[in-house]
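Student: Chains as they are written, first to last, in the numbering used here: chain B, 1 to 534; chain Z, 1001 to 1184. C-beta atoms are modelled at their ideal positions from N, C-alpha and C, and glycine is treated no differently. It should be emphasised that the depicted structure is a prediction, and the values quoted were computed from it without experimental measurement.
1. Buried or exposed: where does residue 476 of chain B fall if 16 or more other Cβ atoms within 10 Å of its Cβ makes it buried?
2. Where does the unbroken beta strand (DSSP E) through residue 354 of chain B begin, and where does it stop?
3. Determine the burial state of residue 1089 of chain Z: buried for a count of at least 16 other Cβ atoms within 10 Å of its Cβ, exposed for fewer.
4. Rounded C-beta distance between residue 267 of chain B and residue 229 of chain B? I'm assuming under 8 Å.
5. Pull up the distance between the alpha-carbon of residue 1024 of chain Z and that of residue 1037 of chain Z, whole angstroms please.
6. Compare the C-beta of residue 36 of chain B with all C-beta atoms of chain Z and state if any pair is closer than 8 Å.
7. Assuming contact is defined by CB atoms lying nearer than 8 Å, are residue 172 of chain B and residue 184 of chain B in contact in what I supplied?
8. Can you find the residues in the same chain that come closer than 8 Å, C-beta to C-beta, to residue 1069 of chain Z, ignoring five residues on each side of it along the sequence?
9. Return the CA-CA distance between residue 507 of chain B and residue 319 of chain B, expressed in angstroms with no decimal places.
10. Is there a Cβ of chain Z sitting closer than 8 Å to that of residue 287 of chain B, yes or no?
11. Could you tell me which chain B residues have their CB closer than 9 Å to the CB of residue 1161 of chain Z, listed as they occur along the chain?
12. Residue 426 of chain B lies in the beta strand (DSSP E); which residues open and close that run?
13. Helix, strand or coil: which one does DSSP assign to residue 328 of chain B?
14. Residue 429 of chain B CB to nearest chain Z CB: under 8 Å?
15. With a threshold of 8 Å between beta-carbons, can residue 1023 of chain Z be considered close to chain B, or not?
16. Is the number of C-beta pairs between the segment 66 to 86 of chain B and the segment 208 to 217 of chain B that are closer than 8 Å three or more?
17. Select from the segment 1069 to 1095 of chain Z all residues with a C-beta closer than 7 Å to any C-beta belonging to chain B, and list them in chain order.
18. Comparing alpha-carbon positions, which option in Z/1117, Z/1009, Z/1054, Z/1078 lies nearest residue 1020 of chain Z?
19. Taking residue 1176 of chain Z as the reference, give the member of Z/1042, Z/1061, Z/1013, Z/1119 with the closest Cα.
20. Hey, residue 258 of chain B and residue 301 of chain B are a contact pair by Cβ (cut 8 Å); roughly how many whole angstroms apart?
21. Can you tell me which of Z/1169, Z/1160, Z/1092, Z/1144 puts its alpha carbon nearest to the alpha carbon of residue 47 of chain B?
22. With a Cβ-Cβ cutoff of 8 Å, do residue 298 of chain B and residue 350 of chain B count as a contact?
23. Are the C-beta of residue 1128 of chain Z and some C-beta of chain B separated by less than 8 Å?
24. Residue ranges of each beta strand (DSSP E) run of no fewer than 3 residues wholly in the segment 440 to 466 of chain B, ordered along the chain?
25. List the residues of chain B whose Cβ lies closer than 7 Å to the Cβ of residue 1142 of chain Z, in chain order.
26. Please list, in chain order, the residues of the segment 1038 to 1067 of chain Z that have any C-beta partner in chain B closer than 8 Å.
27. Any Cβ of chain B within less than 8 Å of the Cβ of residue 1008 of chain Z?
28. Span of the alpha helix (DSSP H) holding residue 1088 of chain Z?
29. Between the segment 1161 to 1176 of chain Z and chain C, which residues of the former have CB atoms less than 7 Å from a CB of the latter, in chain order?
30. With residue 32 of chain B and residue 1148 of chain Z assumed to form a contact (beta carbons below 8 Å), what rounded beta-carbon distance in angstroms separates them?
31. How about residue 1027 of chain Z: is its C-beta nearer than 8 Å to some C-beta of chain B?
32. Return no unless some Cβ of chain B is closer than 8 Å to the Cβ of residue 1179 of chain Z.
33. Whose C-beta lies closer than 7 Å to the C-beta of residue 193 of chain B among residues of the same chain, with five residues either side of it excluded?
34. Would residue 1134 of chain Z pass as an interface residue toward chain B - the criterion being a Cβ-Cβ separation below 8 Å?
35. Assess, as a yes-or-no matter, whether the segment 479 to 493 of chain B is touched by the segment 370 to 380 of chain B under the definition of 3 or more beta carbon pairs within less than 8 Å.
36. Based on the DSSP output, what are the partners of residue 1109 of chain Z in its beta bridges?
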């Protein structure tokens, strides 16, 4: 039996129009979201040509998108700072070109170099060689400008440094003022100050070479760089690419096998490599890369504590999570002996720190614990887990958002000590929903202190910051609110003397604690002498 | 003519005042969100370099937008998919921006309009239901991709895009209502 033909009527054309409108709105939505499908642009362009309303609609959606980005999380101050750095670099350019010219031709040169913003008039000194010299001048200035070199003193001259701090080496002494071209540090750590205000914190074993005061070739070792107010544009060159500072504090670690690790502690850097061209990294992001491999996420970075205490070796190692998102570059900051009142809490919230509850003192037993600075970005994941190794008998602390019931994994494996600290310094965001500011307008989230004792080196696995199963909305778990990400600290129980030299769990003893093991009951916290606070 | 003072104070003040509206303008020309900052910064640097050409007393914001339009035009000519969402769409938007530029509102009017839009958006955001606010936070504060948000919300990326479209439409409607009330 033949199929009945489809009646051609108004209803059908209305359906087609409805479908067209839906397809158009979907295409507009994906274009505004920055993830268009093939064909979306064609759909939208065809409609733009037919209907001015579509243009208006697209513009309005783009406008709201921009306003939302500004309103919900944009750091306008950082933008203004970045522009300030750029225009200051522009200001220094003419002076640099003049110094280059003087370095080549001398202060009284009256040679006309046609390239550069301050071409002076005058008699040519070598009329017979004008063309080759012009070309040489052009090439030299262009190559120097392309490399972003702003200091003619670098050409053929060593760089003046002052030794600001020394630890574990006799190669340098505090207060030394040296002309350095090559920096070799076989052991220990040394902090160097450059004339530009850039501070280099160097860790052995290290080999590096200054190309000039704003450009350093790092062959091996780790350098943490704080560029201060005047050092923007400082560049570290490695075998895998260049790291250009954009006004920041960052770290570069080059290993002998050619892998380079870059982490940003504040501000922003630009990573330039043959693999990906230019990639920006911001505060809280870290990558590892080689000459032949594109940048990959670096999950944890050791950060030097300002109050290192007595211990040198960290108790925590191998921090990682199970998040596999290609654009994610967030790292966990591992601060040896770093836990204290006022320490930064999260790697993606610069202004938020751990502090004592108002009216209370910071718990003594937390001082000097190894601190893991977590981040908020992935806390929505229901299947999130984070694991780390503990190299010796220790007490593990989890600082969990006290506004919510603890998740099942926390209540099962840890004990609530009944004490609290707060994360404070928050800006108003959805995570601070319901928090009332104090008399100074400060927003603080209370965190219960949970703990668990480990009697031997082991791997610890922690779950997501979610409501317990029984408290989630029965119709939709996604109606539940999301607590703040938790914080972690680990305090060794054994005396430091037994642990020197071991920063990783011994393979014969390391094992994951099985879920069925009952948590250690809370033991009376030993009273410790208060460590010196910065 | 504003001179380049040793501390560039005047210019930095302009950056502070104009940066939000300029970024919004660049976004409306069809630039990818992750490239808006770059282009906005380039706009300011070019404006600084050519500051001697700016006539004091005229509309500085409109001058910035002229520079920004030219930068976007260059990106479109270079077929820069890294920065431009869809070249054909961006060309349309750029043409429209060129048309509007021939009848610029005063600087004061434009600044006031931007302020009112921001205030209206803030008020409208407070009215969003919890799930919508959560998705706004994930997208705009946490900067998560559609796929990642879809994973959290147990749906697919296409649905998230549609949710965001409806969200923005709702916010636009709310903002228009408030701005209409404000103008009486």
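Tutor: This is what the structure holds:
1. In the first chain, residue 476 of chain B corresponds to position 476, counting from 1. No answer about residue 476 of chain B holds up, because its pLDDT of 37 lies below 50 and its placement is not dependable.
2. Locating residue 354 of chain B in the first chain gives position 354, counting from the first residue. Residues 349 to 356.
3. In the second chain, residue 1089 of chain Z corresponds to position 89, counting from 1. Burial call: buried.
4. One-based indexing of the first chain puts residue 267 of chain B at position 267. One-based indexing of the first chain puts residue 229 of chain B at position 229. About 12 Å separates the two Cβ atoms, so there is no contact after all.
5. Translated into the one-based positions of the second chain, residue 1024 of chain Z becomes position 24. Translated into the one-based positions of the second chain, residue 1037 of chain Z becomes position 37. Going from the Cα of residue 1024 of chain Z to the Cα of residue 1037 of chain Z covers about 10 Å.
6. For the purposes of this step, residue 36 of chain B is taken as residue 36 along the first chain, with counting starting at 1. Yes, because at least one Cβ of chain Z sits closer than 8 Å to the Cβ of residue 36 of chain B.
7. Taking the first residue of the first chain as 1, we reach residue 172 of chain B at position 172. Taking the first residue of the first chain as 1, we reach residue 184 of chain B at position 184. Not in contact: residue 172 of chain B and residue 184 of chain B (Cβ atoms no closer than 8 Å).
8. Against the second chain, residue 1069 of chain Z aligns to sequence position 69. Answer for residue 1069 of chain Z: 1029, 1094, 1097, 1098, 1101, listed in chain order.
9. As a position in the first chain, residue 507 of chain B is number 507, starting the count at 1. As a position in the first chain, residue 319 of chain B is number 319, starting the count at 1. Bear in mind that a pLDDT of 37 at residue 507 of chain B, under 50, signals an unreliable position, so the number given afterwards is only what the model happens to contain. Their Cα atoms are separated by approximately 16 Å.
10. In the first chain, residue 287 of chain B corresponds to position 287, counting from 1. Not closer than 8 Å to any Cβ of chain Z, the Cβ of residue 287 of chain B fails to qualify, so no.
11. Here residue 1161 of chain Z refers to the residue found at position 161 of the second chain. By Cβ distance, chain B contributes 26, 29, 30, 32, 33, 35.
12. Here residue 426 of chain B refers to the residue found at position 426 when the first chain is read from its first residue. Looking at the DSSP string, the run of the beta strand (DSSP E) that includes residue 426 of chain B is 415 to 426.
13. Residue numbering aside, residue 328 of chain B sits at position 328 when the first chain is read from its first letter. If DSSP states are grouped into helix, strand and coil, residue 328 of chain B belongs with coil.
14. In the first chain, the residue the question calls residue 429 of chain B occupies position 429. With 8 Å as the cut-off, residue 429 of chain B counts as an interface residue toward chain Z.
15. As a position in the second chain, residue 1023 of chain Z is number 23, starting the count at 1. For residue 1023 of chain Z, the answer is yes, since a Cβ of chain B falls inside 8 Å of its Cβ.
16. no
17. 1085, 1086, 1088, 1089, 1092, 1093
18. Within the second chain, residue 1020 of chain Z is the residue found at index 20, counting from 1. When each option's Cα is compared against that of residue 1020 of chain Z, the closest is Z/1117.
19. In the second chain, residue 1176 of chain Z corresponds to position 176, counting from 1. Closest by alpha carbon: Z/1119.
20. Taking the first chain and counting its residues from 1, one reaches residue 258 of chain B at position 258. Taking the first chain and counting its residues from 1, one reaches residue 301 of chain B at position 301. At roughly 19 Å, the Cβ-Cβ gap does not stay under 8 Å, so residue 258 of chain B and residue 301 of chain B are not in contact.
21. Here the question's residue 47 of chain B lines up with position 47 in the first chain. When each option's Cα is compared against that of residue 47 of chain B, the closest is Z/1092.
22. Your numbering for residue 298 of chain B matches position 298 in the first chain. Your numbering for residue 350 of chain B matches position 350 in the first chain. Cβ atoms of residue 298 of chain B and residue 350 of chain B: not closer than 8 Å.
23. Within the second chain, residue 1128 of chain Z is the residue found at index 128, counting from 1. No, residue 1128 of chain Z lies away from the interface with chain B (no Cβ there is under 8 Å from its Cβ).
24. 443 to 454, 458 to 462
25. Counting from 1 along the second chain, the entry for residue 1142 of chain Z is found at position 142. Those are 377, listed as they occur along chain B.
26. 1040, 1041, 1044, 1045, 1048, 1049
27. Position 8 of the second chain, counted from the start, is the residue given in the question as residue 1008 of chain Z. With 8 Å as the cut-off, residue 1008 of chain Z counts as an interface residue toward chain B.
28. Within the second chain, numbered from 1, the residue matching residue 1088 of chain Z stands at position 88. Counting along the chain, the alpha helix (DSSP H) containing residue 1088 of chain Z begins and ends at 1087 to 1101.
29. Included in the structure are the protein chains B and Z, with no chain C among them.
30. Here residue 32 of chain B refers to the residue found at position 32 when the first chain is read from its first residue. Here residue 1148 of chain Z refers to the residue found at position 148 when the second chain is read from its first residue. With 8 Å as the limit, residue 32 of chain B and residue 1148 of chain Z do not qualify as a contact, their Cβ atoms being about 18 Å apart.
31. The count along the second chain starts at 1 and reaches residue 1027 of chain Z at position 27. Residue 1027 of chain Z counts as touching chain B.
32. As a first step, residue 1179 of chain Z must be located in the second chain, where it is residue number 179. No, residue 1179 of chain Z lies away from the interface with chain B (no Cβ there is under 8 Å from its Cβ).
33. Here residue 193 of chain B corresponds to residue number 193 of the first chain, with the count starting at 1. Taken in chain order, the residues that qualify are 161, 162, 164, 199.
34. The residue you call residue 1134 of chain Z lines up with position 134 of the second chain. Yes, because at least one Cβ of chain B sits closer than 8 Å to the Cβ of residue 1134 of chain Z.
35. yes
36. Taking the second chain and counting its residues from 1, one reaches residue 1109 of chain Z at position 109. Residue 1109 of chain Z pairs with nothing; no bridge assigned.
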